[in-house]
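To start, the structure itself, in structure tokens.
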């Protein structure tokens, strides 16, 4: 089972005087990159939120937002009545004006309005925290659904590479025989006498340099390990990335040793499938 790092989750909490919307977006990233936006009143809970998200989401570029919309009369700003009255009295000594006009001027002066610092209601916060968990669950469900699509794609491409490897294995005896024939033909064209026993020894040594038996075995094992890791309980994109590198190393070695055009064509096809796997692996959790 694998999870994509792409996901989206949203939850809405309706309170008597406000509507609180929690939104989560996730994209791929090598590590956890968390960006949190929220009203000032909830800033003291930011560390709690970050720990909750880190534990639940692992890694990825995470955008977390809390939006608050007032749905009833609720304000933390109050008129500083004694100060405003004092301003009006002072203004009357300067100008003769209507009380309303003087009031409009007075409320613009410093300290005419007091902003009372809001404190978090713990019951309200508990409700918000539960909504955050709901949004996280939605995002993880989204990630799992995306992961299932990736899993199907990976399995298909690993199967294709495996089929191409089977063709390489079937072609290998023909390749070795072709190398032997080319060498013999080259020596015969020299029209020089040579020690047949020594030549046979050199021929065996030369052909051994082109032997890909170990690479074929290792590549098949890596392909099986990749499939097992996809089907394991935990999603581990970094582990799959490492296995992908090992698969690429064996494919490249087979290509460099093949010295046989039909086999090199199969190697190119394997490389193409592996590159598509690597691109998708960047989005696996």
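Residue numbers (our numbering): 2 to 286.
Yeah, the Cβ is synthetic: ideal placement off N, Cα and C, and Gly gets one too.
Inter-residue Cα distance where the pair is residue i and residue j
i, j, result
"residue 81", "residue 19", "25 Å"
"residue 32", "residue 227", "22 Å"
"residue 140", "residue 225", "30 Å"
"residue 62", "residue 2", "21 Å"
"residue 269", "residue 165", "10 Å"
"residue 178", "residue 255", "17 Å"
"residue 151", "residue 122", "43 Å"
"residue 47", "residue 15", "21 Å"
"residue 55", "residue 65", "12 Å"
"residue 86", "residue 70", "33 Å"
"residue 259", "residue 208", "11 Å"
"residue 131", "residue 238", "29 Å"
"residue 42", "residue 111", "24 Å"
"residue 94", "residue 72", "42 Å"
"residue 91", "residue 97", "11 Å"
"residue 211", "residue 221", "18 Å"
"residue 10", "residue 45", "23 Å"
"residue 214", "residue 236", "32 Å"
"residue 168", "residue 60", "39 Å"
"residue 147", "residue 183", "51 Å"
"residue 36", "residue 223", "37 Å"
Local Cβ density within 10 Å of residue i, reported as buried at 16 or more and exposed below that
i, result
"residue 138", "exposed"
"residue 185", "exposed"
"residue 7", "buried"
"residue 124", "exposed"
"residue 21", "buried"
"residue 153", "exposed"
"residue 286", "buried"
"residue 88", "buried"
"residue 136", "buried"
"residue 107", "buried"
"residue 176", "buried"
"residue 241", "buried"
"residue 4", "buried"
"residue 283", "exposed"
"residue 144", "buried"
"residue 257", "exposed"
"residue 243", "exposed"
Selection from the options that minimises the alpha carbon distance to residue i
i, options, result
"residue 142", "238, 58 and 259", "58"
"residue 251", "272, 232 and 201", "272"
"residue 120", "40, 23, 167 and 53", "40"
"residue 246", "211, 212, 219 and 23", "219"
"residue 274", "158, 216 and 68", "158"
"residue 217", "249, 180 and 134", "249"
"residue 133", "68, 17, 280 and 147", "68"
"residue 277", "161, 181, 12 and 23", "161"
"residue 155", "229, 127, 234 and 253", "229"
Take every Cβ of the segment 263-282, pair it with every Cβ of the segment 168-179, and state whether three or more of those distances are shorter than 8 Å.
yes
Taking contact to mean at least 3 C-beta pairs separated by less than 8 Å, is the segment 88-106 in contact with the segment 21-34?
no
Please give me, in chain order, every unbroken run of the alpha helix (DSSP H) with length at least 4 that falls completely inside the segment 222-275.
238-259
Segments assigned alpha helix (DSSP H), at least 4 residues, entirely inside the segment 36-93:
47-58
Curious, which full-length beta strand (DSSP E) runs of at least 3 residues does the segment 113-184 contain?
114-116
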